[in-house]
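In what follows, a single structure is set out as C-alpha cells and then discussed.
Numbering (the UniProt record's numbering), first residue to last: 1 to 474.
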C-alpha cells in the first residue's frame, strides 16, 4: 500500500511539475508611447557625439563570433582619437550595435556592463572560456528537466535562456538598459519563423505586439538570437496587438499602397502589419537571427538609407548633425572543407542541414555588405557630380546659380572584418574551419581575439578614418 502511495505521489508530482513548466510571458504594454521604452532617442549621448556616428554589427557563429567581436571591441577601446577638441576612445563613440547569435553575447554584455566586458574575471570567464555547450547538454540530460520538457510550452530553448540569465547576464532585463539610458543602442536580432524576417528586440518591434520590452530578460533575447534550428526549440513571444492603442507610423501606410516604387519597403510594411493581425498571429516563434541576416547589417542599412526607422540617419545627416559615419561589420563566417563532391552518394541529413544553414547566409551577407558600400559610393558620386556641375555652371554662366543646395558634406567609412581578408592561405583556412559551437579551447579564443584587431588595423578604410580624425583634431 505504501509503495503504491509513493508511486502515485511521484506520478502526481511529475504531472504537476510538467504542468507548471512554461515559458515566461512577455508583459503587455498598457499604453503605446513613442517617448518611452528602449529606443535610440531615449538614450543619452554622454561622452558620445552624433557628429562621429559609429555603428557596429556582429555576426553569428557561436563562441568564435563572440571572440572575434570581443577582439574588435578591445581594439576600439585601445584606439584613442581626438574629436571636437577632446581626446576619447573610439569605443566611446559607438552609437549602435546590431548583433546576431554568437555576436549577441558580446553586444548584450557590453550594453549591460560596459567596461566590465574587458575584466578577465567577467565575460571571458563566464562565457568565452567556458564550455557552454557541455553545460547545455548537462541540462538537457538532467531527469528533472525531462519532466519540464514534457510540457508543450517549455522547450529546450528555455533551458538555454535560464542558463544565460543566471550565469552570464545576472538576471538583467531591458528595463535595466532603459534605466541606464546610455548608448550604444543595442539591437539583438532573431528570426520570425513564419515571415522569415528579422525580429529585433527593441521597443519599436514590441509596439506592434502591444508588449512592454522592459519586462523581458536580456538573456531571452540572446537565446532567441542564438537559437540554432533543430538544436533548440523556437522561443515564443506572446502577441497582444490591438490592446494598447498603437498607431501606425505614416511610412507604413505609404509603403503599403504600391509594391513597385520600393519593393523592400513594401515588404517591410507587410511584415510589420502581419503582427497587427492578432487573430492569425497570437504567438510569434523565433529562431536564430542568422537565418534572416547573419551579420546583423540589414537593420542598420535601412536606417542609413531611409527615414522610416525611428533611429534613421538621413535626417541627422541632412541637418548636419552627422559629419562622419563609420560602419564596422564583424563577420565570423565559416567555410569548412568538405569531401561531399568527391563521392557518388549524396550527403547525409546533418550535412545538408549544416549547408542550408550556412552557405546561403554567407552569400546573402556578402550581398548586404556590397549594398552598404554601394550606398556610400553613391553618396560620394552625388557629391562629386554636384561639385562638377557647379564648377561648369560658374565657368560658363557665372550669373546663374545651382537650382538646389549641395548634398550633405558627410564622410563615410565602410569596414568589413572577416577571415577572407587574411592573406596567408593556411592561416585563413584555419579560421574559416573553426567550429561554430559554444565551446572553443582557450588558445583558439585568444587567437580570435588577436586576429580581429589585426584585420581592423590592416583595413585601408580604418587607416583612412584615423588619418582623417588625426588631421582634423590636430
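Beta carbons: idealized from backbone N, C-alpha and C, even for Gly.
ask   = Would you say residue 231 and residue 165 are within 9 Å of each other, going by their C-beta atoms?
value = On the chain shown, residue 231 is found 231 positions in, with the first residue counted as 1. On the chain shown, residue 165 is found 165 positions in, with the first residue counted as 1. Not closer than 9 Å, so no.
task = Taking residue 178 as the reference, give the member of 391, 329, 211, 111 with the closest Cα.
result = Stepping through the chain shown from its first residue, residue 178 is reached at position 178. Proximity to residue 178 across 391, 329, 211, 111 peaks at 111, based on C-alpha coordinates.
message = Give me, in chain order, the residues of the same chain whose beta-carbon lies closer than 7 Å to that of residue 465; leave out the 5 immediate sequence neighbours on both sides.
response = For the purposes of this step, residue 465 is identified with residue 465 of the chain shown, where counting begins at 1. These residues qualify, in order along the chain: 326, 413.
ask   = What's the call for residue 370, buried or exposed, on a 16-neighbour Cβ count within 10 Å?
value = Working through the chain shown from its first residue, we reach residue 370 at position 370. Answer is exposed; the Cβ neighbour count stays below 16.
key: C-alpha distance - residue 374 paired with residue 267, whole-angstrom precision   = What you label residue 374 is simply residue 374 of the chain shown in a count that begins at 1. What you label residue 267 is simply residue 267 of the chain shown in a count that begins at 1. Residue 374 and residue 267: Cα-Cα distance of roughly 21 Å.
request  = Keeping to the same chain, check which residues put their C-beta closer than 7 Å to that of residue 45; ignore five residues upstream and five downstream.
outcome  = Here residue 45 refers to the residue found at position 45 of the chain shown. 183, listed in sequence order.
Nearest to residue 416 (by Cα), restricted to the options 406, 372, 425 = Against the chain shown, residue 416 aligns to sequence position 416. Of 406, 372, 425, the residue nearest in Cα terms is 372.
task = Would you kindly report the start and end of the unbroken alpha helix (DSSP H) that includes residue 322?
result = For the purposes of this step, residue 322 is taken as the residue at position 322 of the chain shown. That residue, residue 322, is in no alpha helix (DSSP H); it is neither H nor E in DSSP.
request  = Give the secondary structure of residue 426 by DSSP, where H, G and I count as helix, E and B as strand, and everything else as coil.
outcome  = Looking up residue 426 in the chain shown gives position 426. In the three-state reduction of the DSSP assignment, residue 426 falls in the helix class, which pools H, G and I.
Enclosing beta strand (DSSP E) for residue 109 [first to last residue] = Residue 109 sits at position 109 when you count from the first residue of the chain shown. If you look at residue 109, you'll find it isn't in any beta strand (DSSP E); it sits in the alpha helix (DSSP H) that goes 102-113.
inquiry  = Suppose the cutoff is 7 Å on Cβ atoms and the five residues either side in sequence are ignored; what does the same chain contact list for residue 192 look like?
reply    = As a position in the chain shown, residue 192 is number 192, starting the count at 1. Only 199, 284, 286 meet the Cβ criterion.
query = Looking only at DSSP bridge pairs, what is residue 191 linked to?
reply = Residue 191 sits at position 191 when you count from the first residue of the chain shown. Beta-bridge partners of residue 191 (DSSP): 198, 287.
Reference residue 404, options 397, 395, 398, 390, closest by Cα = Locating residue 404 in the chain shown gives position 404, where the first residue counts as 1. The residue with the shortest Cα to Cα distance from residue 404 is 390.
query = Is residue 141 buried or exposed, if buried means 16 or more other CB atoms sit within 10 Å of its CB?
reply = Taking the chain shown and counting its residues from 1, one reaches residue 141 at position 141. The residue is exposed, with fewer than 16 neighbouring Cβ atoms inside 10 Å.
key: Simplified DSSP assignment, three categories, for residue 126   = Position 126 of the chain shown, counted from the start, is the residue given in the question as residue 126. Here residue 126 sits in helix by DSSP.
task = Helix, strand or coil for residue 66, going by three-state DSSP, please let me know.
result = Counting from one through the chain shown, the residue named residue 66 turns up at place 66. For residue 66, the three-state secondary structure derived from DSSP is helix.
ask   = How many Å lie between residue 238 and residue 175 at the Cα?
value = Position 238 of the chain shown, counted from the first residue, corresponds to residue 238. Position 175 of the chain shown, counted from the first residue, corresponds to residue 175. Each residue's Cα considered, the two are about 18 Å apart.
task = Return the Cβ separation of residue 289 and residue 60 in integer angstroms, given the expectation that the two are a contact with Cβ distance under 8 Å.
result = Your numbering for residue 289 matches position 289 in the chain shown. Your numbering for residue 60 matches position 60 in the chain shown. Indeed they touch by this definition, with Cβ atoms about 7 Å apart.
message = Once DSSP output is grouped into helix, strand and coil, what is the label at residue 211?
response = Sequence index remark: in the chain shown, residue 211 carries index 211 (1-based). Strand.
inquiry  = Helix, strand or coil, according to DSSP, for residue 251 in the structure here?
reply    = Position 251 of the chain shown holds residue 251. Residue 251 falls in the helix class under three-state DSSP.
request  = Below 8 Å on the Cβ atoms is my guess for residue 161 versus residue 102; work out the distance and round it to an integer in Å.
outcome  = The residue labelled residue 161 in the question sits at position 161 within the chain shown. The residue labelled residue 102 in the question sits at position 102 within the chain shown. Their Cβ separation, rounded to whole angstroms, is 16 Å, which puts residue 161 and residue 102 out of contact at 8 Å.
ask   = If we count the other Cβ atoms within 10 Å of its Cβ and call it buried at 16 or more, is residue 242 buried or exposed?
value = Sequence index remark: in the chain shown, residue 242 carries index 242 (1-based). Exposed: under 16 other Cβ atoms inside 10 Å.
key: Contacts around residue 332, its chain only, beta-carbon distance under 6 Å, and the 5 residues preceding and following it disregarded   = Here residue 332 is taken as the residue at index 332 of the chain shown, counted from 1. Within the same chain, Cβ atoms closer than 6 Å to the Cβ of residue 332 are found at 59, 61, 64, 65, 68, the five residues on either side in sequence being excluded.
Close Cβ partners of residue 316 (< 6 Å) along its chain, the five nearest in sequence each way excluded = Translated into positions along the chain shown, residue 316 becomes position 316. Counting only residues of its own chain and dropping the five nearest sequence neighbours on each side, residue 316 has a CB closer than 6 Å to the CB of 322.
request  = For my contact list, residue 104 and residue 226 are in at a C-beta cut-off of 8 Å; report their separation, rounded to the angstrom.
outcome  = As a working mapping, residue 104 is identified with position 104 in the chain shown. As a working mapping, residue 226 is identified with position 226 in the chain shown. Contact between residue 104 and residue 226 is confirmed by a C-beta separation of about 6 Å, below the 8 Å threshold.
Three-state class that DSSP yields for residue 117 in the structure shown = Here residue 117 corresponds to residue number 117 of the chain shown, with the count starting at 1. The answer is helix: DSSP assigns residue 117 an H, G or I state.
ask   = By the 10 Å Cβ neighbour count, where 16 or more other Cβ atoms means buried, how is residue 75 classified, buried or exposed?
value = Translated into positions along the chain shown, residue 75 becomes position 75. So residue 75 counts as buried.
inquiry  = Below 8 Å, is the gap between the Cβ of residue 217 and the nearest heavy atom of the ligand MN?
reply    = No copy of the ligand MN appears in this structure; indeed no ligand is present at all.
message = So residue 455 and residue 299 are supposed to be a Cβ contact under 8 Å. How far apart are they, rounded?
response = Along the chain shown, one-based indexing puts residue 455 at 455. Along the chain shown, one-based indexing puts residue 299 at 299. Actually they are not in contact, since the Cβ atoms of residue 455 and residue 299 sit about 23 Å apart, beyond 8 Å.
ask   = Over what stretch of residues does the beta strand (DSSP E) that includes residue 89 continue unbroken?
value = Working through the chain shown from its first residue, we reach residue 89 at position 89. Judged by DSSP secondary structure, residue 89 falls within the beta strand (DSSP E) whose first and last residues are 86-89.
task = Return the first residue and the last residue of the beta strand (DSSP E) that residue 302 is part of.
result = To locate residue 302, count along the chain shown from 1; it is residue 302. Where residue 302 is concerned, there is no enclosing beta strand (DSSP E), although the alpha helix (DSSP H) it sits in stretches over 298-305.
message = Contact between the segment 87-102 and the segment 257-266 is defined here as three or more beta-carbon pairs at a separation below 8 Å; is this criterion met?
response = Short answer: they don't touch.
Proximity of residue 469 and residue 273 at Cβ, strictly below 9 Å = The sequence position of residue 469 within the chain shown is 469, counting from 1. The sequence position of residue 273 within the chain shown is 273, counting from 1. Taking the C-beta atoms as reference points, residue 273 is found no nearer than 9 Å to residue 469.
ask   = Quick one: Cα of residue 341 to Cα of residue 293, how far?
value = Position 341 of the chain shown, counting from 1, holds the residue named residue 341. Position 293 of the chain shown, counting from 1, holds the residue named residue 293. Their backbone Cα atoms lie some 27 Å apart in a straight line.
task = Determine which residues share a DSSP beta bridge with residue 217 and list them.
result = Mapped onto the chain shown, residue 217 falls at position 217. Looking at the DSSP assignment, residue 217 forms a beta bridge with 173.
Minimum C-alpha distance to residue 22 - residue among 139, 151, 42 = Numbered from 1 along the chain shown, position 22 holds the residue referred to as residue 22. Nearest C-alpha to residue 22: 151.
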